[in-house]
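Worksheet: one structure, shown below.
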Amino acid sequence: YVAIAMIGLSFIAFIALDRSAISYFIINTLMLGSYGVYDLFFWSIFGEMLDYHKNPAKILGTGLSANVLGIVAGGLIGNSLMANNLYSINPSLFAFAVVCVSLVLLPLLNKYLSTLLKGYTFLTAFVVMPEFKQNSQIDKISEYGNLSEREKQVALLLLQGKTYKTIAGELFISENTVKYYVKNIYSKFNIQSRAELIDMVAEKQN
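In this note's numbering, the protein residues as written are 156 to 361.
Structural data, given as structure tokens:
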């Protein structure tokens, strides 16, 4: 939110100030400062995810690729505008459009990543729990949702972060059957995803 505010202020400064060196310094300080905050947020998130993923190198590679891709895409868009002599585009309107897109995307991205990290944190804590504590948590939600014995088994493996394929192998059933049980579990709790199941169990644990 600090970065969003800085982008907004840089846009206001771009509109209100003249084109002097001091104005250039103020606008770029705000804009580059917001980029620094974004970078800190971006790499902090990836740094935390390294602790919760089985393949940290894959996460690091994905982060580097996304970072470079964003820089390249921005450069290509700028070069394209200049190459096609699109000087009729109002820079203020273009900057305003960028700010609006940022205001829409960043809160959504922050919410998604916070939920994702919360899920990873819970999964890590759940996996290292003694088996009797895991079963206790499952029993609590099973009573609440009236789960069958097989649905309890599937729910337990879901909360351990297992994939559908792994669950199918451990329970000796097909992946389609796993999907059927998962759909039933979500329906009984009126949820749509594993993340919501994790949130529900975490709330009952507290």
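Where a beta carbon is used, it is the ideal one built from N, C-alpha and C, also for glycine. These numbers come from a predicted model, not from an experiment.
Distance between residue j and residue i (C-alpha atoms, nearest Å)
| i | j | result |
| --- | --- | --- |
| residue 188 | residue 297 | 49 Å |
| residue 309 | residue 333 | 7 Å |
| residue 214 | residue 339 | 32 Å |
| residue 158 | residue 192 | 6 Å |
| residue 327 | residue 294 | 22 Å |
| residue 227 | residue 177 | 29 Å |
| residue 317 | residue 336 | 14 Å |
| residue 300 | residue 312 | 17 Å |
| residue 173 | residue 254 | 20 Å |
| residue 190 | residue 284 | 40 Å |
| residue 262 | residue 256 | 11 Å |
| residue 221 | residue 357 | 31 Å |
| residue 355 | residue 260 | 26 Å |
| residue 179 | residue 234 | 21 Å |
| residue 291 | residue 230 | 54 Å |
| residue 267 | residue 323 | 28 Å |
| residue 346 | residue 307 | 16 Å |
Simplified DSSP assignment, three categories, for residue i
| i | result |
| --- | --- |
| residue 328 | coil |
| residue 318 | coil |
| residue 291 | helix |
| residue 222 | helix |
| residue 342 | helix |
| residue 257 | helix |
| residue 285 | coil |
| residue 175 | coil |
| residue 210 | coil |
Where the alpha helix (DSSP H) containing residue i begins and where it ends
| i | result |
| --- | --- |
| residue 305 | 304-314 |
| residue 167 | 157-171 |
| residue 347 | Counting along the chain, residue 347 falls outside any alpha helix (DSSP H), and DSSP gives it neither H nor E. |
Residue i and residue j closer than 8 Å at C-beta
| i | j | result |
| --- | --- | --- |
| residue 182 | residue 168 | yes |
| residue 185 | residue 164 | yes |
| residue 320 | residue 304 | no |
| residue 314 | residue 353 | yes |
| residue 363 | residue 166 | As displayed, the chain neither begins before 156 nor continues past 361, which places residue 363 out of reach and without an answer. |
| residue 201 | residue 216 | no |
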